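Asks: Order-wise, the sequence lines are chains A and B. With the working numbering applied, the first sequence corresponds to residues 1 to 314, in that order. With the working numbering applied, the second sequence corresponds to residues 1001 to 1314, in that order. Positions of the beta carbon are idealized from the N, C-alpha and C atoms, including for glycine. Computed from a predicted model, the values in this text were never measured in an experiment.
2 protein chains.
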Amino acid sequence: MTDSLLDDFFKGDTRALSRVITRVENRSEDSLSILQTLFPRSGNARVIGVTGSPGSGKSTLVDRLAAVYRSSNQDLAIVAVDPTSPFTGGAILGDRVRMQTPGVFIRSMATRGHLGGLAAATADVVTVLDAAGKNPILVETVGVGQDEIDIVKLADVSLVVLVPGMGDDIQALKAGIMEIGDIFVINKCDRPGVENMERAVLAMLSLAHRPDGWQPPVVRTVATEGTGIDELAGTIDKAYAFFQNSREKAARKQDAARERLITLLKERLVNAVIQEVFPDGELGKVVEEITNRQRDPYTVVEEIVRNSQLKRLK
Amino acid sequence: MTDSLLDDFFKGDTRALSRVITRVENRSEDSLSILQTLFPRSGNARVIGVTGSPGSGKSTLVDRLAAVYRSSNQDLAIVAVDPTSPFTGGAILGDRVRMQTPGVFIRSMATRGHLGGLAAATADVVTVLDAAGKNPILVETVGVGQDEIDIVKLADVSLVVLVPGMGDDIQALKAGIMEIGDIFVINKCDRPGVENMERAVLAMLSLAHRPDGWQPPVVRTVATEGTGIDELAGTIDKAYAFFQNSREKAARKQDAARERLITLLKERLVNAVIQEVFPDGELGKVVEEITNRQRDPYTVVEEIVRNSQLKRLK
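1. Thinking L1061(B) and Y1069(B) are a contact (beta carbons under 8 Å), I'd like their distance in whole angstroms, please.
2. By DSSP, does E29(A) sit in helix, in strand, or in coil?
3. T51(A) to E140(A), Cα distance in whole Å?
4. In angstroms with no decimal places, state the Cα-to-Cα distance between A1251(B) and Y1298(B).
5. Do A1208(B) and E1248(B) have their beta-carbon atoms positioned less than 9 Å apart in this structure?
6. I'd like to check one pair, P1217(B) with V1323(B): are the Cβ atoms closer than 9 Å?
7. Does the stretch 212-232 of chain A come into contact with the stretch 1259-1278 of chain B, if we say contact requires no fewer than three beta-carbon pairs (one atom in each stretch) closer than 8 Å?
8. Starting from S1108(B), trace the alpha helix (DSSP H) in both directions and tell me its first and last residue.
9. Alpha carbons only, please: which of K11(A), A120(A), F39(A) is nearest the one belonging to E267(A)?
10. Within 10 angstroms of its Cβ, does D63(A) collect 16 or more other Cβ (buried), or is it exposed?
11. Hey, is G1043(B)'s beta-carbon within less than 9 Å of any beta-carbon in chain A?
12. Looking only at its own chain, which residues have a Cβ that is under 6 Å from the Cβ of A1223(B), when we skip the five neighbours before and after it?
13. Given S42(A), which residues of its chain have a CB within under 7 Å of its CB, disregarding the five upstream and five downstream residues?
14. Taking 8 Å as the cut-off, does the stretch 24-37 of chain A touch the stretch 1287-1295 of chain B (at least 3 CB pairs, one atom from each stretch)?
15. Buried or exposed: which applies to T122(A), given that a residue is buried once 16 or more other Cβ atoms fall within 10 Å of its Cβ?
16. From which residue to which residue does the alpha helix (DSSP H) around E1288(B) run?
17. Counting only C-beta atoms, is K134(A) closer than 9 Å to chain B at any point?
18. Taking the C-alpha atoms as reference points, what is the distance between S31(A) and I1304(B)?
19. Against chain A, with Cβ distances strictly below 9 Å, would A1080(B) count as a contact?
20. For P1136(B) versus V1047(B), is the C-beta spacing smaller than 9 Å?
21. Is the shortest distance between the beta-carbon of L1093(B) and the beta-carbons of chain A less than 9 Å?
22. Cβ closer than 9 Å: which chain A residues qualify as neighbours of E1288(B)?
23. Between F39(A) and chain B, is the shortest Cβ-Cβ distance under 9 Å, so that the two count as touching?
24. Closer than 7 Å, Cβ to any Cβ of chain B: which residues of the stretch 263-274 of chain A, in chain order?
25. Measure the CB-CB distance between L159(A) and F184(A) and report whether it falls below 9 Å.
26. Give me the residue from Q1074(B), W1214(B), T1221(B), G1213(B) with the minimum Cα distance to E1198(B).
27. Between the beta-carbon of R1293(B) and the beta-carbon of F39(A), is there less than 9 Å?
28. Quick one, which of V125(A), Q275(A), G12(A) has its alpha-carbon nearest T22(A)'s?
29. Pick helix, strand or coil for V20(A), following the three-state DSSP scheme.
30. Over what stretch of residues does the beta strand (DSSP E) that includes V1218(B) continue unbroken?
31. Figure out for me which residue from A239(A), N196(A), A203(A) has the closest Cα to the Cα of G213(A).
32. Expressed to the nearest angstrom, what Euclidean distance is found between the alpha-carbon atoms of Q275(A) and L1118(B)?
33. For the beta strand (DSSP E) holding S1158(B), just list the boundary residues, first then last.
34. Taking only beta-carbon positions, decide if I304(A) is within less than 9 Å of chain B.
35. Using the DSSP secondary-structure output, state which residues sit across from R1140(B) in a beta bridge.
36. Roughly how far, in whole angstroms, is the beta-carbon of Q1036(B) from the beta-carbon of D296(A), given that I think they are within contact range, below 8 Å?
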């Protein structure tokens, strides 16, 4: 079953690719073996992270970039990490319609409900796309939370998208995004306040110390009209080439690999230990006692560890 | 040392309270025993979560609410979870100045660098404040990421703060916040677009099915002028009273307790197992091999688990 699916996958079948991603996302039974097979075949794609506040025109920008890559026959993919709640389903207020350039593989991921966290799930999906030969892979997120920052860390080149005249975007900048932006895009540059925004960004950047010597450029675009997109694509190429020899970037990737490993390990361990210590599903009772303040979670953790078979823990 | 600190803490000494929080935040050696002591003494405070986009006037609203509670001699505390990066230090673009009502204990928490995640760290800090007799405890977050949603889950009553005329806020609404908002506040109601915003919120709410029968009210405020704050405080009281008998709220609290336990357990296990399997700090080597694609993280996890002493894992 898995084998024939992977056969189709390696033949470049798009439906097989979608199905493999779904299995990996859902942590279906064969997802471990799928990822074990695909991981060694990944690592070739340029991964471009794009983050920005809602309303920054990020998706349009990504679609425009996709069209540029597509025009030079690159077999690219977009992963749109969508902050859509399962409750609203994203449909109520109308999701923006994507441009859907033919030949561009687009995958949306909900931000919630991923065991082990969104960043880990995104890393797995990127691994699958990478092994499928997609290159570049554009990963689009809403850049505010820690999750999103962790996602951008996976990228070879990270774009932060801003809009002139929005104080909120400057606030979002403060959310740790500043440190990981390799290129700053001021989109909707036909609006007033471009100079001010650029000045604010440059002021913040002047305080950043990038040991690798990279000076994050600021690129102006009007994505809806396609203005500045070619220049942006060129800047991305330049950044990518620069980072090939950047120790800082290598260290960041190593950090991302470490975090991914730790996340996977945590998930695996906690499930195993809970099964070991509470074989009959007694966890619920303990949770109830904690909720009622009859027991404290700190002591319960120590007890669980003591009752497990980990030798160094006691 | 810890004993005399806790003596001062129980005498109501504010400096001792700050020091206890710092120890808990930093996971200092005695933090486990501190939390074990304080947890059973917590559970009395009303915890009020306040979330909203940057620029929604959330902090001013919280300060105004604090003044209302203070005027009736309540010994309250504010936990401001600040999305400030360690890089910018939050100072460059000027942090808003808080109103600082005398007698209100304010604690800021950075959103990053907390082992085990921000939600877990916030839960610990709230536990400490609760044990110190602070009531109510206002927890203020920027409501977009999963972390922030997890934080709001800790609250007895959750407020979502919106501003008229900002499409972005509606976007933020979609980020799962909608499900957890018990009261929706439209702040800056002296701006145009109030009717539209209220209609949009009510439309979304009409699709929500709250099994407990609570109809989240929409309250209009102008926090800078203090307009609507008394009404808001009254609405919070009403919600709190309603939720005393809400099974849904109880289930949500149990969820929060479960997540907290799991987070603590994960952290404890992963550290212990890594110490057990890689006693000589060989983890770095493995991470490097993963980064270079010589090994895959999925197989490494299986190996680590096999080499640990967990009996059911093999």
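Replies: On the basis of the data shown:
1. As a working mapping, residue 1061(B) is identified with position 61 in the second sequence. As a working mapping, residue 1069(B) is identified with position 69 in the second sequence. Not really, about 13 Å apart at Cβ, beyond 8 Å.
2. Start at 1 with the first residue of the first sequence, and residue 29(A) comes out as number 29. The answer is coil: DSSP assigns E29(A) none of H, G, I, E or B.
3. Stepping through the first sequence from its first residue, residue 51(A) is reached at position 51. Stepping through the first sequence from its first residue, residue 140(A) is reached at position 140. Rounded to the nearest angstrom, the two C-alpha atoms are 6 Å apart.
4. Counting from 1 along the second sequence, the entry for residue 1251(B) is found at position 251. Counting from 1 along the second sequence, the entry for residue 1298(B) is found at position 298. Computed Cα separation, rounded: 34 Å.
5. As a first step, residue 1248(B) is located in the second sequence; it is residue number 248 there, counting from the start. As a first step, residue 1208(B) is located in the second sequence; it is residue number 208 there, counting from the start. No, the pair does not count as a contact, with Cβ atoms beyond the cut-off.
6. Shown here, chain B extends from 1001 to 1314; a query on residue 1323(B) therefore has no answer.
7. Taking 8 Å as the limit for Cβ pairs, the verdict is that the stretch 1259-1278 of chain B does not touch the stretch 212-232 of chain A.
8. Start at 1 with the first residue of the second sequence, and residue 1108(B) comes out as number 108. Per DSSP, S1108(B) belongs to no alpha helix (DSSP H); it is in the beta strand (DSSP E), 1105-1110.
9. One-based indexing of the first sequence puts residue 267(A) at position 267. Among K11(A), A120(A), F39(A), the Cα nearest to that of E267(A) is on A120(A).
10. Locating residue 63(A) in the first sequence gives position 63, where the first residue counts as 1. Result: buried.
11. What you label residue 1043(B) is simply residue 43 of the second sequence in a count that begins at 1. Yes - at least one Cβ of chain A is within 9 Å of the one on G1043(B).
12. The residue labelled residue 1223(B) in the question sits at position 223 within the second sequence. Only G1057, T1060, L1061, R1064, N1187 meet the Cβ criterion.
13. Residue 42(A) sits at position 42 when you count from the first residue of the first sequence. Contacts found: T127, D130, A131.
14. No contact exists between the stretch 1287-1295 of chain B and the stretch 24-37 of chain A.
15. Against the first sequence, residue 122(A) aligns to sequence position 122. Looking at its Cβ environment, which holds 16 or more other Cβ atoms inside 10 Å, T122(A) is buried.
16. Against the second sequence, residue 1288(B) aligns to sequence position 288. Residue range 1283-1291 is occupied by the alpha helix (DSSP H) that includes E1288(B).
17. As a working note, residue 134(A) is residue 134 in the first sequence. Not one chain B Cβ lies under 9 Å of K134(A).
18. Within the first sequence, the letter at position 31 stands for residue 31(A). Within the second sequence, the letter at position 304 stands for residue 1304(B). Roughly 19 Å between the two C-alpha positions.
19. The residue you call residue 1080(B) lines up with position 80 of the second sequence. Not one beta carbon of chain A lies nearer than 9 Å to the beta carbon of A1080(B).
20. Translated into the one-based positions of the second sequence, residue 1136(B) becomes position 136. Translated into the one-based positions of the second sequence, residue 1047(B) becomes position 47. P1136(B) places its beta carbon less than 9 Å from that of V1047(B).
21. On the second sequence, residue 1093(B) is found 93 positions in, with the first residue counted as 1. Because L1093(B) carries a pLDDT of 32, less than 50, the predicted location of this residue cannot be relied on, and the following value inherits that uncertainty. Interface residue (Cβ-Cβ distance to chain A less than 9 Å): L1093(B) is classified as such.
22. Looking up residue 1288(B) in the second sequence gives position 288. In chain order: Q254, A257.
23. In the first sequence, residue 39(A) corresponds to position 39, counting from 1. Closer than 9 Å to some Cβ of chain B, the Cβ of F39(A) qualifies, so yes.
24. Here the close residues are L264, L265, K266, R268, L269, V270, A272, V273.
25. Position 159 of the first sequence, counted from the first residue, corresponds to residue 159(A). Position 184 of the first sequence, counted from the first residue, corresponds to residue 184(A). Taking 9 Å as the Cβ cut-off, L159(A) and F184(A) qualify as a contacting pair.
26. In the second sequence, residue 1198(B) corresponds to position 198, counting from 1. Ranking Q1074(B), W1214(B), T1221(B), G1213(B) by Cα distance to E1198(B) puts T1221(B) first.
27. On the second sequence, residue 1293(B) is found 293 positions in, with the first residue counted as 1. On the first sequence, residue 39(A) is found 39 positions in, with the first residue counted as 1. With respect to the 9 Å criterion, R1293(B) and F39(A) are classified as neighbours on the basis of their beta carbons.
28. For this step, residue 22(A) is matched to residue 22 along the first sequence. Ranking V125(A), Q275(A), G12(A) by Cα distance to T22(A) puts V125(A) first.
29. The sequence position of residue 20(A) within the first sequence is 20, counting from 1. Three-state DSSP puts V20(A) in a helix.
30. Numbered from its first residue, the second sequence carries residue 1218(B) at position 218. Run containing V1218(B): 1218-1220, per the beta strand (DSSP E) assignment.
31. Taking the first sequence and counting its residues from 1, the one referred to as residue 213(A) is at position 213. Ranking the options by Cα distance to G213(A), first place goes to A239(A).
32. As a working mapping, residue 275(A) is identified with position 275 in the first sequence. As a working mapping, residue 1118(B) is identified with position 118 in the second sequence. Q275(A) and L1118(B) have their C-alpha atoms some 26 Å from each other.
33. Translated into positions along the second sequence, residue 1158(B) becomes position 158. Looking at the DSSP string, the run of the beta strand (DSSP E) that includes S1158(B) is 1157-1162.
34. On the first sequence, residue 304(A) is found 304 positions in, with the first residue counted as 1. So, interface residue.
35. For the purposes of this step, residue 1140(B) is identified with residue 140 of the second sequence, where counting begins at 1. Strictly speaking, residue 1140(B) in this sequence is Glu, with Arg absent from that position. The secondary-structure analysis by DSSP pairs E1140(B) across a beta bridge with V1050(B), A1080(B).
36. Here residue 1036(B) corresponds to residue number 36 of the second sequence, with the count starting at 1. Here residue 296(A) corresponds to residue number 296 of the first sequence, with the count starting at 1. Separation of the CB atoms of Q1036(B) and D296(A) is rounded to 6 Å, and the pair is thereby assigned contact status at 8 Å.
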